[in-house]
Amino acid sequence: MSDATSFEQQQRASARVLLVPLCLFMAALLGFPTLINLWYSFSDVSFQNLVGSFVGLDNYVAALSNPKMWQALGFSLKFAVLCTVIEVAAALVLVFILHPLLVKRPWMTAILMLPMMVSPALMGVMYRLILNEFTGPIPVYLEMMGYGVNFLGRGNIYKTIVAIEVLQWTPFAFLILLTARQTISYELEEAAAVDGATGFRSSFHILLPLMIPALVIVLFVRFIDSFRVFDHIYVLTGGGPGNLTTSISIYIYKLFFVQHTLGEAVAVSILLLLMSLALIASAMRLVVRRS
Amino acid sequence: MIVTRRSRLDGVVHAGRWIVFVAVAILVNFPVLSTILTSFKTNADINAYPPKWIFEPTLEHYRAVLASPNIDYGHYILNSVIIATTGTLFAILLTLPAAYAMARHKIGTGWLLPVITNLRALPLIIFAIPFYFMYKQVGLLDTRLGLALISCIINIPVALVLFVGFVQDVPRELDDAARIDGASMWKTLWHVVLPLSRPVMLAVFLLSFIYSWNEFLFGLILTTKSAVPVTVGATFFVTSRGIEWGPTSAAITLGILPPLILGLFAYPYIGKSMLAGAVKG
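Line order of the protein sequences matches chains Y and C.
Note that the first sequence covers residues 0 to 290 in numbering that gives the first Met the number 0.
Note that the second sequence covers residues 0 to 280 in numbering that gives the first Met the number 0.
If you want it as structure tokens, here you go:
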């Protein structure tokens, strides 16, 4: 064995040590809680009895047979699909309209990025103020124009929370797609122009295929993020009226912190974990196959 | 003839782009704009009909918020600053060495890196219940350290992705030379890699600080009084005695200003961290 390879092996061995703190931290703060969750989901745990005893699948049966769980799951799926489609479509159109303006003026991009720097919870509170039926500026102006709209009332609340999510996170989709658009080389655009491909439609046809990887990422990230929505809905409606706006995250929160049905809450958490892992795994397989 | 028609069309298209930009900028920023303006209005101006856009500014609501006898908002702001800063530092300390090992020696790139980068896709509520009981057992409920650990977990994926990308760009000859001279791995990290990492460190710090500052769910679940962050504290102004418009707007303004200002510098890195993570994950 040559000196060079033994030096390399020695280096690799000591490099392993650099991973130890991170691995220990993740094991303690994510691995351990997951194990607790697993045990709790098979036990009759309660606030009085934190260890609990084994009860088999009772919690899962309770979780799966509760129609409110399916309602919350349905809400989250529908909300996520709706928001993701609107955000990505709007962002894509805006990238093609605004790219020529923004390419020399980064401060303008910064202005459009401000909403996603705001805490979603505080965004919810702000909308609660400006959409207030009596004093909020938007209902007041609509009133002056002759439209009385109660944005936070039962009939409109679903559209309102979708609109808030879309207005806050379209900038994110826009940023990722703009970053992808700006990495498409200038030569390619020139070549396309020389070939006679001028105008909005032609540039769409040539540039869009090159942006597909970024599009896949944005769709995935936005879907996941909207699916687990909690903050702005909790602040605006607390999941109500009734269960109308209860997302799966709010549902788990309510099971645990409001109704104190621990076992069922933990069982839903585990089911949500399994669903998320399946989604991530299939998304990763898609990415690997593409590359 | 054709030239002038062409340039006139270009002018119209250009103006159209500007109109779209201004409309979108106002639409998405309207709540922030409206809240900041309201926070500087007197109560009379807040209740004016139609809403006033030009008025004489006042600081009375800021004084009221920071001197409120029921809600110690200054303390909440301090909590958020400490939680976000400590959480960010923890995340950097844990991920920079690991990123070095991954990028240089290809250790852990097979499964550890993809697993950690994909953690950011998990719904955090899954961990809410075990964290509540764990923290209750060890006395971390309602402590800044408890929330700093959470913000560290949230930011590890982003920090790791950015650091791995950075180490890959450092010329290998630099640290090879140091190590053949007998420097240990930690010393190489400290004397060679760390001084070069200033730009990426800034990116990690900005993103991590913003994400930590804006965290709400765990602040809501794990704090009651002494470690309450601003995102949770600001909601107290709404729920306690109806809505007090001026003080609530002032509290929100104080709660959104730090990430808004940092965001002006941080936004390009968000695009980069997303695309980099996807390419390597």
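All C-beta atoms in this analysis are idealised placements derived from N, C-alpha and C, irrespective of residue type, glycine included.
All figures in this text were calculated on a predicted structure; none of them were measured in a lab.
If residue i sits next to residue j, beta carbons under 8 Å apart, how far is it from one beta carbon to the other, in whole angstroms?
{"i": "residue 226 (chain C)", "j": "residue 78 (chain C)", "result": "6 Å"}
{"i": "residue 36 (chain Y)", "j": "residue 267 (chain Y)", "result": "Contact flag wrong, Cβ pair sits at about 11 Å."}
{"i": "residue 246 (chain Y)", "j": "residue 228 (chain Y)", "result": "5 Å"}
{"i": "residue 60 (chain Y)", "j": "residue 262 (chain Y)", "result": "Their Cβ separation, rounded to whole angstroms, is 10 Å, which puts residue 60 (chain Y) and residue 262 (chain Y) out of contact at 8 Å."}
{"i": "residue 128 (chain Y)", "j": "residue 244 (chain C)", "result": "7 Å"}
{"i": "residue 99 (chain C)", "j": "residue 17 (chain Y)", "result": "6 Å"}
{"i": "residue 220 (chain Y)", "j": "residue 87 (chain Y)", "result": "With a Cβ gap of about 10 Å, residue 220 (chain Y) and residue 87 (chain Y) do not count as contacting."}
{"i": "residue 347 (chain C)", "j": "residue 53 (chain Y)", "result": "Since the displayed chain C opens at 0 and closes at 280, residue 347 (chain C) lies outside it and no answer follows."}
{"i": "residue 130 (chain C)", "j": "residue 32 (chain Y)", "result": "6 Å"}
{"i": "residue 21 (chain Y)", "j": "residue 93 (chain C)", "result": "5 Å"}
{"i": "residue 165 (chain C)", "j": "residue 199 (chain C)", "result": "4 Å"}
What residues in its chain sit with their C-beta under 7 Å from that of residue i, if we drop five residues either side in the sequence?
{"i": "residue 204 (chain C)", "result": "87"}
{"i": "residue 167 (chain C)", "result": "102"}
{"i": "residue 280 (chain C)", "result": "Only weak support exists for where residue 280 (chain C) lies, its pLDDT of 32 falling under 50; the coordinates are left without a value."}
{"i": "residue 114 (chain Y)", "result": "166, 167 and 170"}
{"i": "residue 195 (chain C)", "result": "169"}
{"i": "residue 240 (chain Y)", "result": "153"}
{"i": "residue 277 (chain C)", "result": "Because residue 277 (chain C) sits at a pLDDT of 46, beneath the cut-off of 50, its placement in the model cannot be relied upon, and the point is left open."}
{"i": "residue 81 (chain Y)", "result": "161"}
{"i": "residue 23 (chain Y)", "result": "none"}
Is the separation between the beta-carbon of residue i and that of residue j shorter than 8 Å?
{"i": "residue 206 (chain C)", "j": "residue 268 (chain C)", "result": "yes"}
{"i": "residue 147 (chain C)", "j": "residue 89 (chain C)", "result": "yes"}
{"i": "residue 106 (chain C)", "j": "residue 14 (chain Y)", "result": "yes"}
{"i": "residue 233 (chain Y)", "j": "residue 67 (chain Y)", "result": "no"}
{"i": "residue 256 (chain C)", "j": "residue 162 (chain C)", "result": "no"}
{"i": "residue 122 (chain Y)", "j": "residue 163 (chain Y)", "result": "yes"}
{"i": "residue 269 (chain Y)", "j": "residue 40 (chain Y)", "result": "yes"}
{"i": "residue 261 (chain C)", "j": "residue 208 (chain C)", "result": "yes"}
{"i": "residue 136 (chain Y)", "j": "residue 231 (chain Y)", "result": "no"}
{"i": "residue 112 (chain Y)", "j": "residue 266 (chain C)", "result": "yes"}
{"i": "residue 27 (chain C)", "j": "residue 117 (chain Y)", "result": "no"}
{"i": "residue 159 (chain C)", "j": "residue 202 (chain C)", "result": "no"}
{"i": "residue 192 (chain C)", "j": "residue 175 (chain C)", "result": "no"}
{"i": "residue 221 (chain C)", "j": "residue 145 (chain C)", "result": "yes"}
{"i": "residue 175 (chain Y)", "j": "residue 273 (chain C)", "result": "yes"}
{"i": "residue 46 (chain Y)", "j": "residue 259 (chain Y)", "result": "yes"}
{"i": "residue 122 (chain C)", "j": "residue 275 (chain Y)", "result": "yes"}
{"i": "residue 141 (chain C)", "j": "residue 223 (chain C)", "result": "yes"}
{"i": "residue 81 (chain C)", "j": "residue 143 (chain C)", "result": "yes"}
{"i": "residue 132 (chain Y)", "j": "residue 155 (chain Y)", "result": "no"}
{"i": "residue 228 (chain C)", "j": "residue 75 (chain C)", "result": "yes"}
{"i": "residue 130 (chain Y)", "j": "residue 159 (chain Y)", "result": "yes"}
{"i": "residue 284 (chain Y)", "j": "residue 104 (chain C)", "result": "no"}
{"i": "residue 20 (chain C)", "j": "residue 97 (chain Y)", "result": "yes"}
{"i": "residue 46 (chain C)", "j": "residue 134 (chain Y)", "result": "yes"}
{"i": "residue 125 (chain C)", "j": "residue 252 (chain Y)", "result": "no"}
{"i": "residue 294 (chain Y)", "j": "residue 49 (chain C)", "result": "Residue numbering for chain Y in the displayed model covers 0 to 290; residue 294 (chain Y) lies beyond these limits and cannot be assessed."}
{"i": "residue 110 (chain Y)", "j": "residue 22 (chain C)", "result": "no"}
{"i": "residue 132 (chain C)", "j": "residue 49 (chain Y)", "result": "yes"}
Checking the sheet assignment: what are the DSSP bridge partners for residue i?
{"i": "residue 53 (chain Y)", "result": "Y:42"}
Using C-beta distances below 6 Å, list every residue in its chain close to residue i, excluding the 5 sequence neighbours before and after it, in chain order.
{"i": "residue 38 (chain C)", "result": "60, 248, 249 and 252"}
{"i": "residue 7 (chain Y)", "result": "none"}
{"i": "residue 40 (chain C)", "result": "54"}
{"i": "residue 44 (chain C)", "result": "51 and 54"}
{"i": "residue 147 (chain Y)", "result": "none"}
Please work out which residues of its chain come closer than 8 Å, Cβ to Cβ, to residue i, disregarding the five sequence neighbours upstream and downstream, and give them in chain order.
{"i": "residue 100 (chain Y)", "result": "107"}
{"i": "residue 210 (chain C)", "result": "150, 153, 154 and 157"}
{"i": "residue 140 (chain Y)", "result": "none"}
{"i": "residue 278 (chain Y)", "result": "223"}
{"i": "residue 230 (chain C)", "result": "79, 212, 213, 214, 215, 218 and 254"}
{"i": "residue 65 (chain Y)", "result": "263"}
{"i": "residue 76 (chain Y)", "result": "226"}
{"i": "residue 282 (chain Y)", "result": "219"}
{"i": "residue 237 (chain C)", "result": "247"}
{"i": "residue 102 (chain Y)", "result": "181"}
field: Contact the region 161-177 of chain Y vs the region 82-100 of chain Y: 3+ CB pairs below 8 Å
entry: yes
message: I'd like to know if the region 181-199 of chain C and the region 66-76 of chain C are in contact, where contact means that at least 3 CB-CB pairs between them fall below 8 Å.
response: They do not touch, by the three-pair rule.
- prompt: Three or more C-beta pairs closer than 8 Å, one from the region 207-214 of chain Y and one from the region 174-182 of chain Y: is that the case here?
  reply: Taking 8 Å as the limit for Cβ pairs, the verdict is that the region 174-182 of chain Y does touch the region 207-214 of chain Y.
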